[in-house]
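S.K.:
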Amino acid sequence: MSNILCQFKQFFGTIKELNAFIKTLAILRSLFYSLKIGKLMKRIPKNYDGDKPTSRQLKDLLPEIMTQITGKIDESPREVLEAWTRIVGPKISKMARAVSFESGVLKVKVENSTLYSLLTLHEKEKLLAELRKQFPKVKIRNIFFRIG
121 MSNILCQFKQ
131 FFGTIKELNA
141 FIKTLAILRS
151 LFYSLKIGKL
161 MKRIPKNYDG
171 DKPTSRQLKD
181 LLPEIMTQIT
191 GKIDESPREV
201 LEAWTRIVGP
211 KISKMARAVS
221 FESGVLKVKV
231 ENSTLYSLLT
241 LHEKEKLLAE
251 LRKQFPKVKI
261 RNIFFRIG
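Residues in the sequence shown are numbered consecutively from 121, following this note's numbering.
Structure below.
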């Protein structure tokens, strides 16, 4: 076991670089699973006679995967989350925090039921309009508020 660690240490230089590499691999793995790459995998047909290869080449899969990745990046989730504070102002942003932005839906965590009611019933359409105005290229479908 220590022989393997010595080889990794020689390759990466330091344990810190090895840890950074492992974290990068974990992020890439979670990104690929979030893109549902499993849909790209296909089973062997029931009446397969063995003439054709069942595997798919990476050059066939890569364009489809890259399209999905660029779609995720084009959503600009970080920018939308950062804009939430500017849009609602500093007082409300302390009580209503934008948690995530995925598939055109902004999820906001609200501190209490009064603010939840106010935002859901009265301010939701104004907030959506302001977000769409600031991010015309991003498809913003809805805002979900959750108490928590």
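The beta-carbon is built from N, C-alpha and C at its ideal position, and this holds for glycine as well.
Among the residues of its own chain, which have a CB less than 6 Å from the CB of Lys229, if the five just before and after it don't count?
M.R.: The sequence position of residue 229 within the sequence shown is 109, counting from 1. The answer, listed in chain order, is Arg217, Val219, Arg266 and Gly268.
S.K.: Considering only residues of the same chain and omitting the five flanking positions on each side of Thr205, which have a CB-CB separation below 7 Å?
M.R.: Numbered from its first residue, the sequence shown carries residue 205 at position 85. Answer for Thr205: Ser213, listed in chain order.
S.K.: Please determine, among Thr234, Leu247 and Phe141, the residue with the shortest C-alpha to C-alpha distance to Gly269.
M.R.: Any answer about residue 269 is impossible in this case: the structure gives the chain only from 121 up to 268.
S.K.: At what residue ranges does the region 170-255 contain a whole run of the alpha helix (DSSP H), taking only runs of 4 or more?
M.R.: 178-194, 197-208, 210-215, 233-238 and 244-254
S.K.: Pick helix, strand or coil for Ile267, following the three-state DSSP scheme.
M.R.: Here residue 267 refers to the residue found at position 147 when the sequence shown is read from its first residue. Reduced to three states, the DSSP call for Ile267 is strand.
S.K.: Our contact map puts Ile185 next to Glu250 with C-beta atoms below 8 Å; I'd like the distance itself, whole angstroms only.
M.R.: To locate residue 185, count along the sequence shown from 1; it is residue 65. To locate residue 250, count along the sequence shown from 1; it is residue 130. Not a contact, Cβ separation roughly 34 Å.
S.K.: Can you name, in chain order, every residue of its own chain whose Cβ lies under 6 Å from the Cβ of Pro197, other than the five neighbours on each side?
M.R.: Your numbering for residue 197 matches position 77 in the sequence shown. Within the same chain, Pro197 has close Cβ partners Phe221.
S.K.: At the level of alpha carbons, what is the spacing between Val258 and Gly224?
M.R.: Stepping through the sequence shown from its first residue, residue 258 is reached at position 138. Stepping through the sequence shown from its first residue, residue 224 is reached at position 104. Rounded to the nearest angstrom, the two C-alpha atoms are 8 Å apart.
S.K.: Quick check on the burial criterion: 16 or more other C-beta atoms within 10 angstroms. Buried or exposed for Ile260?
M.R.: By 1-based counting over the sequence shown, the position of residue 260 is 140. Under this definition Ile260 is a buried residue.
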